[in-house]
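Single-structure report; data block below.
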Amino acid sequence: MTTKAPPPPKRVTPPPRKPPVPTRKPFVPTRKPQIPTHKPYIPPRPVAPTRRPPAPTPPPVTPVDNTIQKEVTKQRGDVHIPRNNGHNTVLGIDFDIELGNVADEAKDDPESGYLSCSFDDGLCGWIRDKDGDLHWETTPDPSGGRYLTIPEVGNKRTGRGARLVLPLTSPWNDGNLCLSFRHKLAGHHVGMLQVFVKKGKQYSPAVWGRTGGNGWRHTQITLWGAGLESIDVGFERTQSLVFIADRYIHIQLSVHCAVVHQVILKGERGRGRSGEMAVDDITLRKGSCTEEHNLRRL
């Protein structure tokens, strides 16, 4: 008996598999993006000031120009100081004002309150008033240096005397001042030399004056704060050479005045008179004149 072999098994082909399809939907955000609700920042407008800012204060300016302007010269030339006729005392003599605020010498020290001028290198800070027929002129000194003098006028008439003016500004017009100078009036009735002071817009009476003398003399004038007072202190010293006799007389004159703005030294030459009228070594220092300084020979 013959046995049949069993038939080979059939190959079963599996059905094709489809790729799995995702059943979940992709996540979609449900919140909408936040939209800013605030407005952009706008800077506030500046508020206009209701009050004007104060104007800047200009810095103080110290005048340095000592030249005489035409208008100033005209105004000073129109000033007339009346003379008290019949008075021959110091306070009864006509005078002009002399002041100073600048000097050229090395020994001068404005910071410490000392100014001096010998006129060897010019007029320093003094001003020659040219409104008139007479003028102060520098002339050489036989012993060296220079000084101021008024030339002879001959027989012609003169309207005004020669004036030498020095304006005073702060701090020179604050407190006591000592004015010192040398002067010379040589000749018979050569003329008159006088000193005046100006307080504000007013000229004081003559505070000092001289009509004659012999040789050089030294005078000091103290300018105070208020009032009017005169004091004379001095002595005489004579020195004789072969044909020369020089007499030195030292005088201190104190004058009280409110605020001194000018000092004027005025010289008037006599008509037809010969001789010499001169000044030299003018100094101005803070403080009153002392007797020790007054008696010092220059």
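Take the sequence shown: its position 91, counting from 1, is numbered 106 in my numbering, and each next residue is one higher.
Idealized CB from N, CA, C, for every residue including glycine.
Note that the structure is predicted; figures quoted are calculated from it, not measured.
Would you check if the distance between the CB atom of residue i and the CB atom of residue j is smaller than 7 Å?
i	j	result
I279	R178	yes
C304	T226	no
I142	R284	no
H204	R288	yes
Do you know how far the Cα of residue j is from the Cα of residue i?
i	j	result
G230	M207	15 Å
G176	D295	18 Å
Q235	L299	10 Å
G228	G202	8 Å
P71	G302	37 Å
A20	T28	24 Å
L194	V212	11 Å
G159	G290	20 Å
A221	L149	20 Å
D144	S185	22 Å
P23	P31	24 Å
R26	K33	21 Å
G224	G137	25 Å
Q209	H198	11 Å
Which residue's Cα is closest to the Cα of residue i: the options?
i	options	result
D189	G228, P166, E167, Q277	Q277
T154	L299, H233, P220, M292	M292
L163	I297, C193, P31	I297
K281	L200, S158, P157	L200
N191	G137, Y129, A70	Y129
S215	S158, P31, L183	One point to set straight first is that residue 215 is Gly, not Ser, in the sequence displayed. Comparing Cα-Cα distances from G215 to each of S158, P31, L183, the minimum goes to L183.
H180	C139, S158, R32, V168	The question names His, but residue 180 is Val in the sequence shown. Looking at the Cα atoms, C139 is the closest of the given residues.
R232	P220, F196, G224, D135	F196
P157	S219, D135, Y218, D148	D135
Across which residues does DSSP place residue i in a beta bridge pair?
i	result
E291	A201
P182	Q277
L194	I236, L299
W231	K199
T164	E152, A293
A70	Note: A70 sits in no beta bridge, so no partner.
D135	In the DSSP output, where bridge partners are listed per residue, D135 has none listed.
G282	A177, L208
I142	V180
Between residue i and chain C, is any beta-carbon pair separated by less than 7 Å?
i	result
E152	Given the protein chain composition of this structure (a single chain), no chain C is represented.
I'd like the list of long-range same chain contacts for residue i, defined as Cβ closer than 8 Å, with 5 residues on each side in sequence excluded.
i	result
E152	L163, T164, I165, P166
Q217	none
So, at 7 Å on beta carbons, what are the nonlocal neighbours of residue i in its own chain, with the 5 sequence-adjacent residues on each side left out?
i	result
I57	none
Can you give me the Cβ contacts of residue i inside the same chain, cut-off strictly under 6 Å, excluding the 5 residues immediately before and after it?
i	result
V168	R284
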